[in-house]
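*Asks:* Protein chains in written order, with the working numbering: chain R, 203 to 421; chain U, 203 to 421. In this text, a Cβ means the ideal position worked out from N, Cα and C, and glycines have one as well.
Protein chains: 2
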Amino acid sequence: MVGRSDVGGKGWLDMRVTKAQAEQNRAHIVTTAARLFRERGYDGVGVAELMAEAGFTHGGFYKHFRSKADLMAEASANGLSRTASLTETLDIAEFVESYVSREHRDGRGEGCTIAALSGDAARQPEDIRTEFAAGIESLTAALQAEGDASPDTHQRTARATVIDALAHSVGAIMLSRACPDGSSLADEILDVCRESILASLTHGDGSQSAAGSTSPQPA
Amino acid sequence: MVGRSDVGGKGWLDMRVTKAQAEQNRAHIVTTAARLFRERGYDGVGVAELMAEAGFTHGGFYKHFRSKADLMAEASANGLSRTASLTETLDIAEFVESYVSREHRDGRGEGCTIAALSGDAARQPEDIRTEFAAGIESLTAALQAEGDASPDTHQRTARATVIDALAHSVGAIMLSRACPDGSSLADEILDVCRESILASLTHGDGSQSAAGSTSPQPA
DNA sequence: ACCTTACGATTACGGTCATCATCTAAAAAG
DNA sequence: CTTTTTAGATGATGACCGTAATCGTAAGGT
Chain R
203 MVGRSDVGGK GWLDMRVTKA QAEQNRAHIV TTAARLFRER GYDGVGVAEL MAEAGFTHGG
263 FYKHFRSKAD LMAEASANGL SRTASLTETL DIAEFVESYV SREHRDGRGE GCTIAALSGD
323 AARQPEDIRT EFAAGIESLT AALQAEGDAS PDTHQRTARA TVIDALAHSV GAIMLSRACP
383 DGSSLADEIL DVCRESILAS LTHGDGSQSA AGSTSPQPA
Chain U
203 MVGRSDVGGK GWLDMRVTKA QAEQNRAHIV TTAARLFRER GYDGVGVAEL MAEAGFTHGG
263 FYKHFRSKAD LMAEASANGL SRTASLTETL DIAEFVESYV SREHRDGRGE GCTIAALSGD
323 AARQPEDIRT EFAAGIESLT AALQAEGDAS PDTHQRTARA TVIDALAHSV GAIMLSRACP
383 DGSSLADEIL DVCRESILAS LTHGDGSQSA AGSTSPQPA
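#1: Thinking residue 278/U and residue 319/U are a contact (beta carbons under 8 Å), I'd like their distance in whole angstroms, please.
#2: Using the Cα positions of residue 282/R and residue 381/R, report the straight-line distance between them to the nearest angstrom.
#3: By DSSP, does residue 396/R sit in helix, in strand, or in coil?
#4: Between which two residues does the alpha helix (DSSP H) harbouring residue 232/R extend?
#5: Using 7 Å as the limit for Cβ to Cβ distance, is residue 372/U near chain R?
#6: How is residue 363/U classed by DSSP in three states: helix, strand or coil?
#7: Report yes or no: is there a C-beta of chain U within less than 7 Å of the C-beta of residue 417/R?
#8: Buried or exposed: where does residue 333/R fall if 16 or more other Cβ atoms within 10 Å of its Cβ makes it buried?
#9: Could you run through the region 262-295 of chain U and flag, in chain order, every residue whose CB is less than 9 Å away from some CB of chain R?
#10: In the region 383-407 of chain U, which residues sit with their C-beta less than 9 Å from some C-beta in chain R, listed in chain order?
#11: So, residue 298/R versus residue 371/R, is the Cβ gap smaller than 7 Å?
#12: For the putative contact between residue 337/U and residue 369/U, defined by C-beta atoms under 8 Å, what is the C-beta separation to the nearest angstrom?
#13: What do you reckon, are the CB atoms on residue 254/R and residue 330/R nearer than 7 Å?
#14: Should the region 240-249 of chain U be called in touch with the region 221-230 of chain U, which here means at least 3 C-beta pairs below 8 Å?
#15: Taking the beta carbon of residue 390/U as the centre, do at least 16 other beta carbons fall within 10 Å, making it buried, or is it exposed?
#16: Quick check on residue 328/R - is its C-beta less than 7 Å from some C-beta in chain U?
#17: Output the distance between the C-alpha atoms of residue 313/R and residue 317/U, rounded to the nearest integer angstrom.
#18: To the nearest angstrom, how far is it from the Cα of residue 376/R to the Cα of residue 335/U?
#19: Taking 7 Å as the CB-CB limit, is residue 248/R close to chain U?
#20: Could you tell me if residue 250/U is buried or exposed, where buried requires 16 or more neighbouring beta carbons within 10 angstroms of its beta carbon?
#21: Thinking just about the alpha-carbon of each residue, which of 292/R, 228/R and 347/R is nearest to the one in residue 264/R?
#22: By a C-beta neighbour count over all protein chains shown, 10 Å radius and 16 as the cutoff for buried, is residue 384/R buried or exposed?
#23: Taking the CB atoms as reference points, tell me whether residue 290/U and residue 344/U lie closer together than 7 Å.
#24: Can you tell which of 404/U, 402/U and 394/U has the C-alpha that lies nearest to the C-alpha of residue 302/U?
#25: Considering Cα atoms alone, identify which of 398/R, 280/R, 306/R and 235/R is closest to residue 270/R.
Here it is, written out as C-alpha cells:
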C-alpha cells in the first residue's frame, strides 16, 4: 500500500470542494439516494453504486454519513417532505387525480415515497418509521390546509377524510404496481379506485365521528 | 400429491417420483419461505437461513429449486392462495373487519401476502407480479362469491366494489405498518379506514347487504 | 502565511450472499 | 441381488456488501 511514491504530478485533476460545495454534494447524495431507494428499495442499492450514481466513489461516503442506515433515514425524510411540499398547491381531489394515475404508477423513482417504500419501511428500525409517520402527518396537513387560503366556500377538510383518501390512494398504487406491466388488472385497479375515492370526496361525506383516537401528533 | 401413478407396463417414463417425504419436505420449505418472506421481505432472508429454519442445511436447496428467484415465485403463489382460501368463508364486511385490524397489522408473518410483499413484488421480475395478479383475482373472486350460497338476501358483490375495498384495506395496513410501533397515528389510520370501508359497503353501491353470520377469524 | 480540518479517492477488511461440486446413504429400478 | 438415481449434508467459490484506515489535497480560520 506504500507504493504510492507518486512521481510527476500528472494526476488527473479533480479540484473541487469548498465548504459550500461539500454541503451541496451531500444534498445531492441524499436526493440521489432517495430516488434510487424509491426505485429499487433500501436493500436494492448499495453504498458504492449509490455514490457512483451521485458522481463519487464509495469511500467518501462516511465523511457525510455515519452509516447507510443513517442515510436511509435522511433520504426517507427528504423524499417524504418533497412529496408533501409538491402537494401544497393541490386540494384533495387534484391530489387523488394525479396520485392514482398510470403516470405515477409507472414513475416510481419520481413518485411518492410512501407508495414506493412503505412496504420496506415497515421492516426498518423505528427512526425510519418515525420519519414516515411525520411524512404522513405533513402530507395530511398539506391536504387539509388547501382551501384555507381561498375566501369562498372552501372549508378545511376533515382529517379523517384526508387520511382515508390517502390510504386508499396508496393501496391502489401499490396493488397496481404489484401486477405485471400492461396487465388489464393493473389499470382496472387504478380506474376503479380513483373513481371511488373521488366519489367519496364529493359525496356527502361528513362522517368523521369519533373513531378511536383523535389525537394528532406530529413527530 | 403423493399420487403413485405407477405404470405397470413398460412405458419408458417414470424416471421421476422420489420419496413421498421429499415432496413433503419441499412443501415445507415453500411454506416456511412464504412466512419468512412476509416477515422480512424477499431480500431479508437468505437461502441458508431459510433452509435452516425449515430444518435443513443450505446445500440441498438446489435439488428442489433452480434458484432463489424460483422459490420466491412459488412461495408468493403459496402465500397468496393461502390468503384467498382463508377468505372463502368470509363476506366482504367480515374480511375488512379482520383485515384492517391491529392483530393483522402486528402479525405480518401470519397475515396477508399482498399487504406484506406487494411493495417488494413491484420491483421483482414479471413472473412474481403475475402471481400477485392471480392472487388478487382469486381473492376478489372469493369475496365476490361469498353469499352466493345464501338464498335471497345476498347477491353477488360487484367486482369493482371488492377491488376497491381490497385496495383500501391494503393501503390502510401498509400505512399503519410504516408508523412506529404503538404510535397513535398507526391506530388512527386503522380505525378511520376500517369505519370508512365498512360504511362504503353498506350504503355505497346498489348491491350489498349487512353482515349475516359472525365468524371473525384471524388468519 | 501557518495550521487545522475534512472532502473525496484509494484500497482493504470481514462478512454474507447465491450458487455449485462433491460426497453419502438410501430409495427406486432392473 | 445389482445398478441407477437422488435428497440432503458438507464445503468451497466468487461476487458483493457495509465499513474503515490511509492519504493527497485544498479550504478556512487565525
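*Replies:* A quick look at the data gives this:
#1: 7 Å between Cβ atoms; contact.
#2: As the crow flies, the alpha-carbon of residue 282/R is around 25 Å from that of residue 381/R.
#3: Here DSSP, grouped into helix, strand and coil, assigns residue 396/R to helix.
#4: Residues 221-242.
#5: Yes, residue 372/U counts as interfacial toward chain R.
#6: Per DSSP, reduced to three states, the secondary structure at residue 363/U is helical.
#7: Here the model assigns residue 417/R a pLDDT of 42, short of 50, so the residue's position is not dependable, and the following value carries that caveat. Interface criterion met: the Cβ of residue 417/R is under 7 Å from a Cβ in chain U.
#8: By the Cβ-count criterion, residue 333/R is buried, with 16 or more other Cβ atoms from all chains shown falling within 10 Å of its own Cβ.
#9: Within the region 262-295 of chain U, no residue has a Cβ that lies closer than 9 Å to any Cβ of chain R.
#10: Taking 9 Å as the cut-off between beta carbons, the residues of the region 383-407 of chain U near chain R are 383, 385, 386, 387, 388, 389, 390, 391, 392, 393, 394, 395, 396, 397, 398, 399, 401, 402 and 406, in sequence order.
#11: A contact, by the Cβ cut-off of 7 Å.
#12: Between residue 337/U and residue 369/U the beta-carbon gap is near 14 Å, outside 8 Å, which marks them as no contact.
#13: Cβ distance not < 7 Å, so residue 254/R and residue 330/R don't count as in contact.
#14: Short answer: they don't touch.
#15: Classification of residue 390/U: buried, given that the 10 Å Cβ count is 16 or more.
#16: It does; some Cβ of chain U falls within 7 Å.
#17: Distance from the CA of residue 313/R to the CA of residue 317/U, rounded to the nearest whole angstrom, comes to 20 Å.
#18: Between residue 376/R and residue 335/U, the C-alpha separation is close to 12 Å.
#19: Look at residue 248/R: its C-beta is not under 7 Å from any C-beta on chain U.
#20: By the neighbour-count criterion, in which 16 or more other beta carbons inside 10 Å mark a residue as buried, residue 250/U falls on the exposed side.
#21: Closest by alpha carbon: 228/R.
#22: Exposed is the call here.
#23: Closer than 7 Å, so yes.
#24: Of the listed residues, the one whose Cα sits closest to residue 302/U is 394/U.
#25: Restricting attention to 398/R, 280/R, 306/R and 235/R, the CA atom closest to the CA of residue 270/R is found in 235/R.
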